[in-house]
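Inspection log for the structure reproduced underneath, given as structure tokens.
In this note's numbering, the protein residues as written are 16 to 694.
Okay, here's the thing in structure tokens:
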């Protein structure tokens, strides 16, 4: 790597911190004293180095200064400098960056400490955290820390308001993140899409952990660091997939911690009390065969054939979009996603849907009876798992999606079966029967077969009717957008319009289209600096105006009776800067490169991801999100297993019939954002 400071700043950023960081040296407000001290230190150095600091575009709560330019006197005295990493403290586990000048070391605070300092004992004024921590010592609890994920019991990306526990306890409303509360500290992990949003929404009682950044610990690593050995860490096992719970258990066991499953209640619910929203009660509807393309009986027959081939007698399906697709049902339990809260158990000769009876209309009842599906109360799922084990079921479980409560219940039932078998036969059993990865039909009694759900892949391969519905709804959606852009281009020139007003008006245009049901996600209406917040949601009391002086990013989508849309455009109603033009052009070049790619079927998506990034990489730029995600047909706007992403662990092949987004972008924090997306 080059160490001379003739290197362009964008490249220097790349060399020093990697493509996902912006060098932010100081924080405004409480860090002014540090800035003054650093300025004094640099001015007294033996070189004629001097720094000019200037603020970026004003934004709410003006957090952080960026090193934007260097003085002319400094440019006249350039010479090699060394960029060195300063050892991070073991307690925080995060690296710092130091630039060593001839006058001595000059250290910058690490990325995760830029906005806030970890609280040493919690803020006594934060009543919510104080009351929450009191529950740790309650009877039948006895824990030292509690982990609150984003998910519901079905690992949904979007969840009903009554299950937004992490948002309630932390104040951070992004769709992805994990909160961890100990008796003394509170920390929140989220990915690059939400860094700026989290900075705005988290109070000083929380430490922001920027997942994916170099040196940022995982939740398990951090718990091992801040807790004394031998502590008890509590979780709600319904909110963790089996794999996630096992991963956390393995991580914290390195410091002899115990992972405690609290089945009976969720601690956040205990302090939410009466203010907690009511559970959704909207009726279920039948998804017409014109749009589904394949009837329920045929889908169940195909699934049972796969069960037979794997030597299984039953499968538990907990992902809501898989249940909706398999049974040709749609609901309204989750904002933006037409699904219903339910579990589904398919056996070789029966099927049981666990759902709130009050949501089942007469039409749905007839539809299910015709398809051979019985109804059971939603809350009886664990007792049914017990029953399956007692019957000696060979159960197919997708451990990446089924929750830890179901998995542990089945494992316990298997263990009880072994114990009872010992008593009945009075024989010595050499090896205790356990749930294992590979089914062995020679083993008597219940056992598990662990593999990805076969429904996930079947759902991703759209049939002809689904593809036709997706194309048709996109035509109607495009008509709504054409009307919208015509309106916005005119109104921006003659009056003041806010980001929220723009999003509301777009909804009006979409609502006029035949078959429109609702939005497929919260509209991202971001003007200027807000466009750099990748999953920005404008709020009436804090949003910006859309004008002819800033770039405007609009990412939106609709749910229609026949399909799902997701589209992003970035526009400027005045004259963009040369920098904005270059960045937009390179994003567009990447978009076109991916659009024109020809590749062998079954190629994993990560192989194609670089095609969209190369034009940006050429000038040292990048974006901190994947390039493409799967999309459901009149279902979830984000679905797997396919994706186009730099995360090379996803080996799911891209196949004919899959729908995937193409959405490269570029974001300059506190300045502007660019993204171009089609499906």
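Backbone N, C-alpha and C define an ideal beta-carbon position, used for all residues, glycine too.
Beta strand (DSSP E) segment containing residue 144, residue limits: Walking along the chain shown from the start, residue 144 turns up at place 129. Unbroken run through residue 144 is the alpha helix (DSSP H), 142-149; no beta strand (DSSP E).
From the DSSP output, in three-state form, read off residue 14 for me. Any property of residue 14 remains undetermined from this structure, which presents the chain solely from 16 to 694.
Would a C-beta distance cut-off of 9 Å place residue 364 and residue 343 closer than the cut-off? Position 349 of the chain shown holds residue 364. Position 328 of the chain shown holds residue 343. No. Outside cutoff.
Close Cβ partners of residue 262 (< 8 Å) along its chain, the five nearest in sequence each way excluded: The count along the chain shown starts at 1 and reaches residue 262 at position 247. Non-local C-beta neighbours of residue 262 in its own chain, meaning closer than 8 Å and more than five positions away in sequence, comprise 235, ordered along the chain.
Which residues in the same chain have their Cβ closer than 6 Å to the Cβ of residue 642, if we skip the five residues on either side of it in sequence? The count along the chain shown starts at 1 and reaches residue 642 at position 627. Hits under 6 Å: 624, 627, 659 and 679.
Do the region 470-490 and the region 307-323 make contact, defined as three or more Cβ pairs closer than 8 Å? yes
Roughly how many angstroms separate the alpha carbons of residue 163 and residue 532, rounded to a whole number? Here residue 163 corresponds to residue number 148 of the chain shown, with the count starting at 1. Here residue 532 corresponds to residue number 517 of the chain shown, with the count starting at 1. For residue 163 and residue 532, the distance between alpha carbons rounds to 32 Å.
Here's a check: name, in chain order, each residue in its chain whose Cβ is nearer than 6 Å to the Cβ of residue 414, leaving out the five neighbours to either side. Translated into positions along the chain shown, residue 414 becomes position 399. Counting only Cβ-Cβ distances below 6 Å, and skipping sequence neighbours, we find 257, 258 and 465.
Taking the alpha carbon of residue 321 as the reference point, which residue from 596, 292, 288 and 361 has its own alpha carbon closest? Stepping through the chain shown from its first residue, residue 321 is reached at position 306. Measuring from the Cα of residue 321, the nearest candidate turns out to be 361.
Cβ shell of residue 276 (< 6 Å), same chain only, five flanking positions each side left out: Taking the first residue of the chain shown as 1, we reach residue 276 at position 261. These residues qualify, in order along the chain: 252.
Cutoff 8 Å; reference residue 694; Cβ partners in own chain excluding five residues on either side: Translated into positions along the chain shown, residue 694 becomes position 679. Only 485, 489, 580, 581, 582, 646, 674, 675, 676 and 677 meet the Cβ criterion.
How would you call residue 692, buried or exposed, if buried means at least 16 neighbouring beta carbons within 10 angstroms? For the purposes of this step, residue 692 is taken as the residue at position 677 of the chain shown. Label assigned to residue 692: buried.
Residues of its chain near residue 481, where Cβ-Cβ distance is below 6 Å and the 5 sequence neighbours each way are ignored: The count along the chain shown starts at 1 and reaches residue 481 at position 466. 308 and 648, listed in sequence order.
Residue 97, DSSP secondary structure in three states: Counting from one through the chain shown, the residue named residue 97 turns up at place 82. Any reading at residue 97 needs caution, since the residue's pLDDT is 36, under 50, leaving its predicted position unreliable; the model's value is listed next. Three-state result, residue 97: strand.
Under three-state DSSP, which class holds residue 638? In the chain shown, the residue the question calls residue 638 occupies position 623. Coil, per DSSP.
Can you grab the Cα-Cα spacing for the pair residue 350 / residue 264, in whole Å? What you label residue 350 is simply residue 335 of the chain shown in a count that begins at 1. What you label residue 264 is simply residue 249 of the chain shown in a count that begins at 1. Those two C-alpha atoms are separated by around 32 Å.
Could you check what DSSP says for residue 683 in three-state terms: helix, strand or coil? The sequence position of residue 683 within the chain shown is 668, counting from 1. If DSSP states are grouped into helix, strand and coil, residue 683 belongs with the strands.
Locate the alpha helix (DSSP H) running through residue 656, then write down its first and last residues. Numbered from its first residue, the chain shown carries residue 656 at position 641. First-last for residue 656: 654-659, but that is the beta strand (DSSP E), not the alpha helix (DSSP H).
How is the alpha helix (DSSP H) around residue 485 delimited, first residue to last? Your numbering for residue 485 matches position 470 in the chain shown. 479-506 is the extent of the alpha helix (DSSP H) around residue 485.
In the DSSP assignment, the beta strand (DSSP E) including residue 235 goes from what residue to what residue? The residue you call residue 235 lines up with position 220 of the chain shown. Note, residue 235: premise wrong, no beta strand (DSSP E); alpha helix (DSSP H) at 234-241.
When you compare the CB positions of residue 374 and residue 650, do they come within less than 9 Å of one another, or not? Taking the first residue of the chain shown as 1, we reach residue 374 at position 359. Taking the first residue of the chain shown as 1, we reach residue 650 at position 635. Cβ distance not < 9 Å, so residue 374 and residue 650 don't count as in contact.
Residue span of the beta strand (DSSP E) that contains residue 570, given as start and end: Taking the chain shown and counting its residues from 1, the one referred to as residue 570 is at position 555. Segment 566-571, the beta strand (DSSP E) holding residue 570.
Thinking just about the alpha-carbon of each residue, which of 247, 548 and 184 is nearest to the one in residue 155? If you number the chain shown from 1, residue 155 lands on position 140. Considering only alpha carbons, the answer is 247.
Top-ranked residue by Cα proximity to residue 396, from 193, 208 and 358: As a first step, residue 396 must be located in the chain shown, where it is residue number 381. Ranking the options by Cα distance to residue 396, first place goes to 358.
Report all residues from its chain with a CB closer than 8 Å to the CB of residue 393; omit the five preceding and five following residues, and keep chain order. Residue numbering aside, residue 393 sits at position 378 when the chain shown is read from its first letter. If you ignore the 5 residues before and after residue 393, its C-beta comes within less than 8 Å of the C-beta of 356, 357, 358, 369, 370 and 371, all in its own chain and listed in chain order.
With DSSP as the reference, label residue 675 as helix, strand or coil. Residue numbering aside, residue 675 sits at position 660 when the chain shown is read from its first letter. DSSP places residue 675 in strand when its eight states are reduced to three.
Assess, as a yes-or-no matter, whether the region 380-391 is touched by the region 216-227 under the definition of 3 or more beta carbon pairs within less than 8 Å. no
How would you label residue 690, buried or exposed, when you count the other beta carbons within 10 angstroms and need 16 or more for buried? In the chain shown, residue 690 corresponds to position 675, counting from 1. So residue 690 ends up on the buried side.
With three or more beta-carbon pairs closer than 8 Å as the criterion, would you say the region 535-551 touches the region 497-511? The region 535-551 vs the region 497-511: no contact.
I need the straight-line Cα distance from residue 3 to residue 550, nearest angstrom please. Look at the range of the chain in this structure, 16 to 694, and you will see that residue 3 is not part of it.
Where residue 611 falls: helix, strand or coil (DSSP): Indexing the chain shown from 1 puts residue 611 at position 596. Coil, per DSSP.
For the alpha helix (DSSP H) that residue 265 lies in, which residues bound it at each end? Reading the chain shown from its first residue, position 250 is the one you call residue 265. For residue 265, the uninterrupted alpha helix (DSSP H) segment begins and ends at 257-268.
Can you grab the Cα-Cα spacing for the pair residue 166 / residue 596, in whole Å? The count along the chain shown starts at 1 and reaches residue 166 at position 151. The count along the chain shown starts at 1 and reaches residue 596 at position 581. The straight-line gap from Cα to Cα measures roughly 39 Å.
For the beta strand (DSSP E) holding residue 697, just list the boundary residues, first then last. Beyond the ends of the chain as shown, which are 16 and 694, falls residue 697; an answer cannot be given.
Which of the three DSSP states, helix, strand or coil, is assigned to residue 475? For this step, residue 475 is matched to residue 460 along the chain shown. Three-state result, residue 475: helix.
9 Å Cβ cutoff met for residue 543 and residue 687: For this step, residue 543 is matched to residue 528 along the chain shown. For this step, residue 687 is matched to residue 672 along the chain shown. Yes, Cβ-Cβ distance for residue 543 and residue 687 is below 9 Å.
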